[in-house]
Amino acid sequence: MNLNEAESIKRTKTGLKRGINTHDAIMFGVGGAVGSGILFAAAGGTGYAGPAVIISWILTAVFIVLVTLPFAEYSAMFPRSGISARIAYYSYGSYGGFISGWALFIWAVTIPAIEAVAVSEYAAFYVPQLYNSTTGLLTGYGILLSILLMIGFLFLNLKSIAHFAKFNKVWTWVKIAVVIAFVIILPLFIFHPSNFVSPSFAPSIGGIFIAIPASGILFSFGGYRQVADMAGEVKNPAKNMPKIIGLVLLIQSLLYIAMAVVIVGTVNWKGFNKPVGDWAYIAGRSSPLVDIMHGNLSFVSPQVAALLGVMIVIFFIFAIISPGGTLGVYLTGASRIIFGFSEENAIPKIFRKTTKSGAPVYALVLSVILGIIFLVPLPSWYELVDFVVVAAVANFAIASISLPVLRKLYPDVERPFKIPYPMLWSFSAFIIATYLIYWATYPTTLYALGATLAGSIIFIYQAHLKKYSNLHLKNSLWIPLYLIGLILLSRYGGTPTGGTNLIPYPFDYLVLFFYAIIFFFIGLKSAPKDKIMESTALED
Numbered sequence: 001m002n003l004n005e006a007e008s009i010k011r012t013k014t015g016l017k018r019g020i021n022t023h024d025a026i027m028f029g030v031g032g033a034v035g036s037g038i039l040f041a042a043a044g045g046t047g048y049a050g051p052a053v054i055i056s057w058i059l060t061a062v063f064i065v066l067v068t069l070p071f072a073e074y075s076a077m078f079p080r081s082g083i084s085a086r087i088a089y090y091s092y093g094s095y096g097g098f099i100s101g102w103a104l105f106i107w108a109v110t111i112p113a114i115e116a117v118a119v120s121e122y123a124a125f126y127v128p129q130l131y132n133s134t135t136g137l138l139t140g141y142g143i144l145l146s147i148l149l150m151i152g153f154l155f156l157n158l159k160s161i162a163h164f165a166k167f168n169k170v171w172t173w174v175k176i177a178v179v180i181a182f183v184i185i186l187p188l189f190i191f192h193p194s195n196f197v198s199p200s201f202a203p204s205i206g207g208i209f210i211a212i213p214a215s216g217i218l219f220s221f222g223g224y225r226q227v228a229d230m231a232g233e234v235k236n237p238a239k240n241m242p243k244i245i246g247l248v249l250l251i252q253s254l255l256y257i258a259m260a261v262v263i264v265g266t267v268n269w270k271g272f273n274k275p276v277g278d279w280a281y282i283a284g285r286s287s288p289l290v291d292i293m294h295g296n297l298s299f300v301s302p303q304v305a306a307l308l309g310v311m312i313v314i315f316f317i318f319a320i321i322s323p324g325g326t327l328g329v330y331l332t333g334a335s336r337i338i339f340g341f342s343e344e345n346a347i348p349k350i351f352r353k354t355t356k357s358g359a360p361v362y363a364l365v366l367s368v369i370l371g372i373i374f375l376v377p378l379p380s381w382y383e384l385v386d387f388v389v390v391a392a393v394a395n396f397a398i399a400s401i402s403l404p405v406l407r408k409l410y411p412d413v414e415r416p417f418k419i420p421y422p423m424l425w426s427f428s429a430f431i432i433a434t435y436l437i438y439w440a441t442y443p444t445t446l447y448a449l450g451a452t453l454a455g456s457i458i459f460i461y462q463a464h465l466k467k468y469s470n471l472h473l474k475n476s477l478w479i480p481l482y483l484i485g486l487i488l489l490s491r492y493g494g495t496p497t498g499g500t501n502l503i504p505y506p507f508d509y510l511v512l513f514f515y516a517i518i519f520f521f522i523g524l525k526s527a528p529k530d531k532i533m534e535s536t537a538l539e540d
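Be aware that the sequence shown starts at 1, since it is given in the UniProt record's numbering, and climbs by one per residue.
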């Protein structure tokens with residue numbers, strides 16, 4: 001029996017059902033992308049990069065292709081739910097797999113809370129009691145609304161993945177239609193070309209890069225992960241997964257870049273009574289896109305003002321629908337990652353229990369509970385996003401090195417989709433992931449990577465409790481060392497990224513480059529000599 005056959009047998013016993021076709025899967029990915037990011041990151045990035053935020057979006061699209069395309073190969077090789085959390089298990093064993101999966105776990109369970117917060121913040125445009133504009137945080141009412149939203153989507157998810165896919169498909173088409181209408185119609189009546197050059201196109205070159213993780217731009221490209229994590233429920237995944245992931249990346253890139261151009265071009269500074277180029281003010285608004293349209297009302301004809309009024313109402317409804325749908329998508333993805341953890345015996349078996357319709361009920365409930373735990377102390381979209389992006393990229397970094405490692409360990413596994421030049425691709429992806437973490441700035445790196453490393457405590461407890469025979473510590477030790485080193489570089493690096501300037505800019509970028517090269521080859525060298533999929537220590 002080859003590995004693919006063994007995997008196929010395992011999949012029939014998971015309880016999850018293959019009820020998603022290619023079109024529905026694409027809608028899941030795009031639905032996950034067109035959420036709160038389009039409401040906040042599209043404007044928030046201008047606070048760091050000004051009009052050059054357009055370059056930030058383009059660079060992010062390129063970075064995402066490099067960093068995430070390996071998941072197209074992984075999901076076709078191992079079409080199992082929660083694959084993003086499993087890859088490091090297959091390449092580095094128990095400890096490395098747990099830490100990598102834990103980083104993704106932090107990302108996954110926090111995003112439903114992020115999307116719920118986005119709904120509440122935009123709702124505050126009409127219900128100001130939901131949001132405290134002085135502190136920039138949700139009020140108790142806003143937090144309560146966010147919690148109720150997560151619970152509501154919990155029950156919707158319990159209806160089975162096929163039912164939710166149908167609901168999400170309609171929801172996603174509505175979101176795409178509103179974004180396209182906004183991008184096409186608004187510039188026909190309102191567009192200020194001077195915004196792109198006055199006072200300058202790029203107030204800060206460094207800001208172009210810092211905006212990528214810090215303003216939510218990178219966060220906005222997370223839709224593909226939901227598709228990869230649901231590979232165990234997609235029909236004919238070996239054939240369809242690479243195509244699905246590629247189309248999701250293309251669609252979301254085009255939507256976000258177009259949105260960035262329109263946002264920069266439609267700001268009327270007179271309407272805000274602010275000096276030209278005060279992009280930080282725009283970025284700090286609780287409902288920036290609605291505010292931009294509202295700021296033009298007094299400077300257009302009555303007919304255009306009436307049209308803007310209609311668009312404001314439509315976009316306000318969209319601001320509720322968009323992150324609401326994304327909340328449902330990410331809640332689905334989070335539960336599948338928890339399900340995957342349970343299948344690898346990293347957490348109790350109860351979390352792989354499914355309903356008759358195939359929904360992982362306890363994994364869904366845990367996703368909501370953990371989302372609430374993250375939401376209550378951090379009731380702000382930007383605070384939550386800054387935190388989770390770093391954890392997600394830590395998972396990217398480990399997964400990127402896994403590409404050549406898996407090629408070596410499992411040459412007999414069929415690869416319906418193969419990335420060319422895997423070593424070069426892996427090297428480039430790891431370097432980029434390292435920079436993305438650094439650009440998130442200190443102390444965000446400390447909090448997020450510290451939370452990731454804290455997973456070691458849980459792993460040690462599990463190892464002691466279940467008496468694991470092989471922890472694969474020798475193979476995985478490079479991972480915590482790499483993360484600790486990044487915290488230190490972030491702390492003592494240049495001031496633009498929040499450091500003490502012991503290693504001033506731009507020398508910190510040079511040091512980081514060589515640091516990434518060193519750990520890339522350490523990671524390759526640390527890989528096990530023999531396949532471990534069938535002998536991982538995380539087993540009953």
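Ideal Cβ placement from N, Cα and C applies to all residues, glycine included.
Residue i, DSSP secondary structure in three states
i                 : result
isoleucine 217    : coil
tyrosine 410      : coil
tyrosine 442      : coil
isoleucine 532    : coil
asparagine 268    : coil
leucine 158       : coil
tyrosine 131      : strand
leucine 471       : coil
arginine 415      : coil
threonine 355     : coil
phenylalanine 191 : coil
proline 496       : helix
tyrosine 48       : helix
alanine 33        : helix
proline 506       : coil
phenylalanine 209 : helix
glycine 455       : helix
serine 56         : helix
serine 204        : coil
Residue i vs residue j beta-carbon contact at 9 Å
i                 : j                 : result
lysine 433        : alanine 394       : It should be pointed out that residue 433 corresponds to alanine in this sequence rather than to lysine. Yes. Within cutoff.
isoleucine 320    : leucine 255       : no
serine 286        : phenylalanine 125 : yes
glycine 216       : valine 109        : no
alanine 103       : threonine 452     : yes
isoleucine 484    : glycine 523       : no
glutamate 73      : arginine 336      : no
valine 178        : serine 322        : yes
tryptophan 439    : threonine 497     : yes
phenylalanine 153 : glycine 328       : yes
isoleucine 38     : isoleucine 257    : no
isoleucine 437    : isoleucine 87     : no
phenylalanine 221 : alanine 113       : no
threonine 495     : valine 34         : no
Cβ-based burial, residue i [other Cβ within 10 Å; buried from 16]
i                 : result
phenylalanine 366 : Inspection of the sequence shows that residue 366 is occupied by leucine rather than by phenylalanine. Burial call: buried.
methionine 423    : exposed
asparagine 475    : buried
glycine 340       : buried
leucine 384       : buried
tyrosine 421      : exposed
proline 377       : exposed
serine 84         : buried
proline 443       : exposed
valine 170        : exposed
threonine 172     : buried
alanine 6         : Any reading at alanine 6 must be qualified, since the residue scores a pLDDT of 38, below 50, and its modelled position is unreliable; the value itself is stated next. It counts as exposed.
residue 557       : Outside the modelled stretch of the chain, which goes from 1 to 540, sits residue 557, for which no answer is possible.
residue 590       : Limits of the chain in this structure are 1 at one end and 540 at the other, which puts residue 590 out of reach.
threonine 134     : exposed
One or two residues paired with residue i in a DSSP bridge
i              : result
isoleucine 20  : Val234
asparagine 273 : Beta-bridge pairing links asparagine 273 to no other residue.
leucine 138    : Tyr131
- At least three beta-carbon pairs within less than 8 Å, the region 251 to 271 to the region 51 to 67: yes
- Task: Taking 8 Å as the threshold, find out whether the region 343 to 354 comes into contact with the region 180 to 196 through three or more Cβ pairs.
- Result: no
- Message: So, does the region 96 to 112 touch the region 307 to 320, judging by three or more C-beta pairs under 8 Å?
- Response: They do not touch, by the three-pair rule.
- Could you tell me whether the region 207 to 222 touches the region 297 to 317, where touching means 3 or more Cβ pairs closer than 8 Å? no
- Query: How do the region 35 to 49 and the region 275 to 286 stand: do at least 3 beta-carbon pairs fall below 8 Å, yes or no?
  - Reply: yes
- Touching by the beta-carbon criterion (3+ pairs, under 8 Å), the region 506 to 518 and the region 459 to 473: no
- Message: Does the contact criterion of 3 or more C-beta pairs under 8 Å hold for the region 63 to 70 versus the region 270 to 281?
- Response: Because the criterion of three Cβ pairs below 8 Å is not met, the region 63 to 70 and the region 270 to 281 do not touch.
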